[in-house]
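*Asks:* Here's a structure for you.
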Amino acid sequence: MTSPLLPILPVVDDVLFNFAQSDGFWANLETAFGTNYDVVKATELRQQWKSRNFSQIPPIEVLSDEVLGTAKGAYSSSTNKIYLSASFLNTASSAAIVNVILEEIGHYVDAQVNQVDSAGDEGAIFAELVQGNSLDVATLDALRAENDQTTIIINGEIIQVEQADFTGTNGNDNITGTSGDDTISTRTR
């Protein structure tokens, strides 16, 4: 683990601890992961987080943009690792890093409590809900329609991941560029 993450991880732990204590825990899990998740496994995670045991959270590995492309982070259930972009870590605010780590933890939780990946970007839904944010119907529908799956190659091995990309809103969004030629592409729905 890299030193820029050291001050971030206690914040992530606090968010998960507070979420585990919350009255909305079960409703938020259902919103993020559907109604057919494994309640026993979810209860186990909740109890661990309530007792501040976060040892089950996957290790974090920092990767170059050559590996992750435009993704800020990713999670692979096959390696049970969270991957973060080195350039994202170097330029993002602490709050943005916390949000991406929580999103990838959301993908991890989904892999633990569901036999099949939940529709859309359940990690992004989870990240918002665990931080006490509410999602309007349009945002929730957009996140549920998103395809966040891709593959990356690490040391010659092809790994299936779910990733956190930049998602714009109707507000004033900021994108940090580089000193080189940056490309911004849009997609239409």
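Numbering of the sequence shown is given in the working numbering, commencing with residue 329 and proceeding in unit increments.
C-beta: ideal position from N, C-alpha, C; glycine also.
How is the alpha helix (DSSP H) around Leu357 delimited, first residue to last?
*Replies:* Taking the sequence shown and counting its residues from 1, the one referred to as residue 357 is at position 29. Looking at the DSSP string, the run of the alpha helix (DSSP H) that includes Leu357 is 353-361.
*Asks:* Considering only their Cβ atoms, is the gap separating Leu471 from Asp449 smaller than 7 Å?
*Replies:* In the sequence shown, residue 449 corresponds to position 121, counting from 1. In the sequence shown, residue 471 corresponds to position 143, counting from 1. In this structure, Leu471 lies closer than 7 Å to Asp449 by Cβ.
*Asks:* Look at the alpha carbon of Val465 and the alpha carbon of Asn427, and state the distance between them as a whole number of angstroms.
*Replies:* Stepping through the sequence shown from its first residue, residue 465 is reached at position 137. Stepping through the sequence shown from its first residue, residue 427 is reached at position 99. Each residue's Cα considered, the two are about 20 Å apart.
*Asks:* To the nearest angstrom, how far is it from the Cα of Asn483 to the Cα of Val395?
*Replies:* Taking the first residue of the sequence shown as position 1, residue 483 is located at position 155. Taking the first residue of the sequence shown as position 1, residue 395 is located at position 67. Cα to Cα, Asn483 sits roughly 10 Å from Val395.
*Asks:* Count the other C-beta atoms from every protein chain shown that fall within 10 angstroms of the C-beta of Asn356, then say buried if there are 16 or more, exposed otherwise.
*Replies:* Residue mapping note: residue 356 aligns to position 28 of the sequence shown, counting from 1. So Asn356 ends up on the buried side.
*Asks:* Going by DSSP, which residues form a beta bridge with Val367?
*Replies:* Taking the first residue of the sequence shown as position 1, residue 367 is located at position 39. DSSP output for Val367 lists no bridge partner at all.
*Asks:* Hey, quick one: how far does the beta strand (DSSP E) through Leu412 stretch, first residue to last?
*Replies:* Translated into the one-based positions of the sequence shown, residue 412 becomes position 84. From DSSP, the beta strand (DSSP E) with Leu412 extends over 409-413.
*Asks:* Alpha carbon to alpha carbon, how far is Phe416 from Thr371? Give it in angstroms, no decimals.
*Replies:* Counted from its first residue, the sequence shown places residue 371 at position 43. Counted from its first residue, the sequence shown places residue 416 at position 88. Rounded to whole angstroms, Thr371 to Phe416 spans 33 Å at the Cα level.
*Asks:* Using only CA atoms, which one of Gly460, Gln477, Ala447, Val458 lies nearest to Asp469?
*Replies:* For the purposes of this step, residue 469 is taken as residue 141 along the sequence shown, with counting starting at 1. The residue with the shortest Cα to Cα distance from Asp469 is Ala447.
*Asks:* When the distance is taken between beta carbons, is Ala492 closer than 7 Å to Lys409?
*Replies:* Taking the first residue of the sequence shown as 1, we reach residue 409 at position 81. Taking the first residue of the sequence shown as 1, we reach residue 492 at position 164. Their beta carbons are not under 7 Å apart, which means Lys409 does not touch Ala492 by this criterion.
*Asks:* In this structure, does DSSP put Ser462 in helix, strand or coil?
*Replies:* Along the sequence shown, one-based indexing puts residue 462 at 134. Of the three classes helix, strand and coil, the one that applies to Ser462 here is coil, per DSSP.
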